[in-house]
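The sequence shown begins at 23 in the numbering used here and counts up by one.
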Amino acid sequence: MTRLLTLLLFFLIVFSTFGQQLSYEEVKQLEMVVPDRQNSQWAKNQPYVVMLSIDGFRHDYAEMYQAKNILSVAKNGVSTQSLIASFPTKTFPNHYTLVTGLYPGNHGLVSNEFYSREKDYWYKIRDKSAVQDGSWYGGVPLWTLAEQQGMLSANFFWVGSEAPIGGSLSTYSYQYNSGVSNQHRVQRILDWLQMPPEIRPHMILGYFSLVDDAGHRYGPEHAKTKEAVLRIDELVGQLIRGLEKLNLPVHIVLVSDHGMSTITNGMVLPEMIDLEDAKVSYSFPPMIYQSDSAKLERLYDQLLQIEGLYVYRQEQVPNYLHFSNRDRIGDLVLMTDAPTIIMEKPQVVTGGTHGFDPYADRDMGAIFYGQGPLFKSGVEISPVENIHIYPLIAEILGLKITEPIDGKLEMMDYLLSKAEN
Ligand code: AMP
Ligand code: ZN
Ligand code: ZN
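#1: R350 to S278, Cα distance in whole Å?
#2: In whole angstroms, what is the alpha-carbon distance linking M289 and L325?
#3: Is S175 a contact residue of ligand 1, with contact defined as CB to any heavy atom under 7 Å?
#4: Considering only the alpha carbon of each residue, which of R59, M433, F397, L44 lies closest to N199?
#5: Give the C-beta separation of L438 and E417 to the nearest angstrom, bearing in mind that I take them to be a contact with Cβ-Cβ under 8 Å.
#6: Let's see if you can read the secondary structure: which residues bound the alpha helix (DSSP H) around R210?
#7: Take the Cβ of W444 as the centre, count every other Cβ of all protein chains shown within 10 Å, and call the residue buried at 16 or more, exposed below.
#8: Any chance the CB of G78 is under 7 Å from a heavy atom of ligand 2?
#9: Out of curiosity, what's the CA-to-CA distance linking T372 and A250?
#10: Starting from the Cα of N269, find the closest Cα among M173, I310, D58, P69 and give me that residue.
#11: Can you say whether R222 is buried or exposed, counting buried as having 16 or more other CB atoms within 10 angstroms of its CB?
#12: In terms of residues, what are the limits of the beta strand (DSSP E) holding Y322?
#13: Quick one: grab the DSSP three-state call for V275.
#14: I think G127 touches H344, with their Cβ atoms under 8 Å apart; what is that distance to the nearest whole Å?
#15: Is the closest heavy atom of ligand 3 to the C-beta of D314 under 7 Å?
#16: Taking 8 Å as the cut-off, does the stretch 128 to 148 touch the stretch 300 to 318 (at least 3 CB pairs, one atom from each stretch)?
#17: Note down the Cα distance separating T451 from D379, rounded to an integer number of angstroms.
#18: Say whether the stretch 70 to 84 touches the stretch 383 to 391, bearing in mind that this needs 3 or more beta-carbon pairs closer than 8 Å, one atom from each stretch.
#19: Do the stretch 210 to 221 and the stretch 157 to 172 touch if we need at least three Cβ pairs shorter than 8 Å?
#20: Does the distance from the CB of G123 to the CB of Y412 come in under 8 Å?
#21: Quick one: residues in its chain with C-beta nearer than 7 Å to the C-beta of T111, no 5 flanking neighbours on either side, listed in chain order?
#22: Using CA coordinates, which residue listed in K440, S190, Q42, T424 is at the minimum distance from V202?
#23: Under the criterion of a Cβ to heavy atom distance below 7 Å, does H238 qualify as lining ligand 2?
#24: On the three-state DSSP scale, how would you describe S305?
#25: List the residues that DSSP assigns as beta-bridge partners of V153.
#26: Could you check if V333 belongs to the surroundings of ligand 1, using beta carbon to heavy atom distance under 7 Å?
#27: Quick check on K50: buried or exposed, where buried means 16 or more other Cβ atoms within 10 Å of its Cβ?
#28: Excluding sequence positions up to five away, which residues of its chain have a Cβ less than 7 Å from the Cβ of R335?
#29: Measure the alpha-carbon distance for S38 versus R320 and round it to whole angstroms.
#30: Helix or strand or just coil, what does DSSP make of M23?
#31: At which residues does the beta strand (DSSP E) containing T102 begin and terminate?
#32: What would DSSP say about I147, mapped onto helix, strand or coil?
#33: Apply the 10 Å Cβ neighbour rule to Q312 and answer buried if 16 or more other Cβ atoms are within range, or exposed otherwise.
#34: Hey, quick one: how far does the beta strand (DSSP E) through L74 stretch, first residue to last?
#35: What do you get for G400, buried or exposed, if any count of 16 or more other CB atoms within 10 angstroms of its CB means buried?
#36: In chain order, what residues of the same chain lie with their CB nearer than 6 Å to the CB of E425, ignoring the 5 residues before and after it?
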């Protein structure tokens, strides 16, 4: 009987805390702080950048749903008609491209889920041991660049921020935890900016998943997705009003990693396709790793017969996608056009997704909006690739780029007010 009561009590506690969000005090306790770091004298005189990622915020959402605070950033500052996501148009590859200026093949996060032949191990976004292992991540993320040059950074959940890349973390960072409310993330950013100048971060990154979550579940055109867009818009408004009170030279940069397409069909590979001893990443678009060349040839020939499926050998992926990495890309890459996806098992397909060719599907287009003292006012430029964000942010903060990157400052420096001189 006592055992039954204990069990009952246990379930009561579990269910009462399930889905519950942490208090602000609890959130602060989770913060990881690298001790004994201070801004250099030079860094203290540099401006600030708060770069927020709104996952899955499609290029046309702000207009479509009249997100007035986000539109005001574009009106008072700068924007691109669309920000061209890198292939594959997934969360991890693109977040890490935004902060390294490298295509996914070149920084190494080639999907949300992929296999490394060299390590003989999988990287999966839910495997903390891989996510927190710095050896998976190439390039020099913006926060590492800042810290290396004597400027403190803070990080609320940007992809890669849990791993010591180049040997260290942002001065302030968190392990990914969806129990931290969006409101508290904004509050923390405002509080970081009110720390004493010696320890106040100049490069701040934040991440919000609510728009992507709604887009997947309901599709990009649904009222619930509109609701998520308007909720994030409200948070952006709070951030803008909070920043106005601080009287600091802060640049707000709003970006997303990719857009969202409506999906209606799921393709399951026919049973005759023998994947028995192959490794398969089903993170859309799927990749197949098969080291036996005879089996690989057979697979390739069979897959070619399937209508509506594009099959590429690793070295045949079209050049314009800049997708090359011998260690981590599958021997075969499979693609489809929206509204069709490839699935492991038959399931009802509704709502939305991303992962499609960013040039074939305009709905993969993401956002870039920026406002602040070094940005021009009311300037919009044609679509640009997201590899160019890195040199732009480095320029604003006065950071020197120390390693080769794919992005180029000249693709975006027209947006900076000093470019007029
Ligand atoms: P996807 O839409 O599959 O490309 O991935 C989006 C999902 O990635 C979001 O719903 C988040 O929950 C998850 N996500 C985003 N950032 C992180 C992170 N740093 N660690 C673990 N999961 C994350
Ligand atoms: Zn995403
Ligand atoms: Zn998503």
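In this text, a Cβ means the ideal position worked out from N, Cα and C, and glycines have one as well.
On the basis of the coordinates in this document:
#1: By one-based count along the sequence shown, residue 350 stands at place 328. By one-based count along the sequence shown, residue 278 stands at place 256. Approximately 24 Å between the Cα atoms of the pair.
#2: Position 267 of the sequence shown holds residue 289. Position 303 of the sequence shown holds residue 325. If you take the alpha carbons of M289 and L325, they lie about 12 Å apart.
#3: Locating residue 175 in the sequence shown gives position 153, where the first residue counts as 1. For ligand 1, not one heavy atom lies less than 7 Å from the Cβ of S175.
#4: Counted from its first residue, the sequence shown places residue 199 at position 177. Nearest option by C-alpha distance: L44.
#5: As a working mapping, residue 438 is identified with position 416 in the sequence shown. As a working mapping, residue 417 is identified with position 395 in the sequence shown. Going by Cβ atoms, the distance from L438 to E417 rounds to 7 Å, so yes, they are a contact pair.
#6: For the purposes of this step, residue 210 is taken as residue 188 along the sequence shown, with counting starting at 1. Element bounds for R210: 204 to 214.
#7: No information on residue 444 is available, as it lies outside the stretch 23 to 443 that the chain covers here.
#8: Taking the first residue of the sequence shown as 1, we reach residue 78 at position 56. Yes, since a heavy atom of ligand 2 falls inside the 7 Å radius drawn around the Cβ of G78.
#9: Translated into positions along the sequence shown, residue 372 becomes position 350. Translated into positions along the sequence shown, residue 250 becomes position 228. One C-alpha to the other measures close to 18 Å.
#10: The sequence position of residue 269 within the sequence shown is 247, counting from 1. Among M173, I310, D58, P69, the Cα nearest to that of N269 belongs to P69.
#11: Your numbering for residue 222 matches position 200 in the sequence shown. By the 10 Å Cβ count, R222 comes out buried.
#12: Against the sequence shown, residue 322 aligns to sequence position 300. Unbroken run through Y322 is the alpha helix (DSSP H), 315 to 326; no beta strand (DSSP E).
#13: Reading the sequence shown from its first residue, position 253 is the one you call residue 275. Note: V275 maps to strand in three-state DSSP.
#14: On the sequence shown, residue 127 is found 105 positions in, with the first residue counted as 1. On the sequence shown, residue 344 is found 322 positions in, with the first residue counted as 1. Indeed, because the Cβ distance is near 6 Å, the residues count as touching under 8 Å.
#15: Taking the sequence shown and counting its residues from 1, the one referred to as residue 314 is at position 292. No, Cβ of D314 sits at least 7 Å from all heavy atoms of ligand 3.
#16: yes
#17: Residue 451 is absent from the model: the chain starts at 23 and stops at 443.
#18: yes
#19: no
#20: If you number the sequence shown from 1, residue 123 lands on position 101. If you number the sequence shown from 1, residue 412 lands on position 390. Yes.
#21: One-based indexing of the sequence shown puts residue 111 at position 89. Cβ neighbours of T111 beyond the five flanking positions: H280, H376, G377, F378, P380, M386.
#22: Taking the first residue of the sequence shown as position 1, residue 202 is located at position 180. For the residues K440, S190, Q42, T424, the minimum Cα distance to V202 belongs to Q42.
#23: Mapped onto the sequence shown, residue 238 falls at position 216. Every heavy atom of ligand 2 is 7 Å or more from the Cβ of H238, so no.
#24: Stepping through the sequence shown from its first residue, residue 305 is reached at position 283. Correct three-state label for S305: coil.
#25: Here residue 153 is taken as the residue at index 131 of the sequence shown, counted from 1. In DSSP, V153 forms no bridge with anything.
#26: Here residue 333 refers to the residue found at position 311 when the sequence shown is read from its first residue. No, the Cβ of V333 stays beyond 7 Å of every heavy atom of ligand 1.
#27: Here the question's residue 50 lines up with position 28 in the sequence shown. With fewer than 16 Cβ atoms within 10 Å of its Cβ, K50 is classed as exposed.
#28: One-based indexing of the sequence shown puts residue 335 at position 313. Taken in chain order, the residues that qualify are Y322, D353, L354.
#29: Here residue 38 corresponds to residue number 16 of the sequence shown, with the count starting at 1. Here residue 320 corresponds to residue number 298 of the sequence shown, with the count starting at 1. With a pLDDT of 42 at S38, under the threshold of 50, the predicted position of this residue should be treated as unreliable, though the coordinate-derived value follows. About 53 Å.
#30: In the sequence shown, residue 23 corresponds to position 1, counting from 1. Reliability of the predicted coordinates at M23 is poor, the pLDDT of 44 falling under 50, and no value is obtained from them.
#31: Numbered from its first residue, the sequence shown carries residue 102 at position 80. Segment 100 to 102, the beta strand (DSSP E) holding T102.
#32: Within the sequence shown, residue 147 is the residue found at index 125, counting from 1. Residue state, collapsed to three classes: coil.
#33: The residue you call residue 312 lines up with position 290 of the sequence shown. When all chains shown are included, Q312 counts as buried.
#34: Reading the sequence shown from its first residue, position 52 is the one you call residue 74. It spans 70 to 76 - the beta strand (DSSP E) in which L74 sits, taken as one unbroken run.
#35: Against the sequence shown, residue 400 aligns to sequence position 378. The residue in question, G400, is exposed, as its Cβ has fewer than 16 Cβ neighbours within 10 Å.
#36: Counted from its first residue, the sequence shown places residue 425 at position 403. Excluding positions up to five away in sequence, the list reads V162.
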